[in-house]
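The structure under discussion appears below in the form of structure tokens.
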């Protein structure tokens with residue numbers, strides 16, 4: 003495998019272990035599957051209103067912006 007691709011030096015990357023990943027340790031999102039930082043979960047209890055009422059009397063309902 004060539005070390006240069008399009009003029010850039012490419013180095014082989016090693017996937018860090020789950021317990022020593024810098025992004026997981028800092029609490030950020032980690033793109034590596036299987037890591038604890040890859041789990042996306044909401045940090046809130048309220049998820050939004052169930053039903054939204056739309057405004058009925060718009061001034062120009064057919065006009066596009």
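Residue numbers (the numbering used here): 3 to 67. Note that CB positions come from ideal geometry on N, CA and C, so glycine has one too.
- For residue 25, the enclosing alpha helix (DSSP H) starts and ends at 24-28.
- Judged by beta-carbon spacing, residue 25 lies within the 7 Å limit of residue 39, meaning their Cβ atoms are closer than that value.
- The C-beta distance from residue 34 to residue 54 rounds to 37 Å, too long to meet the 8 Å contact threshold.
- When DSSP states are grouped into helix, strand and coil, residue 60 belongs to the coil group.
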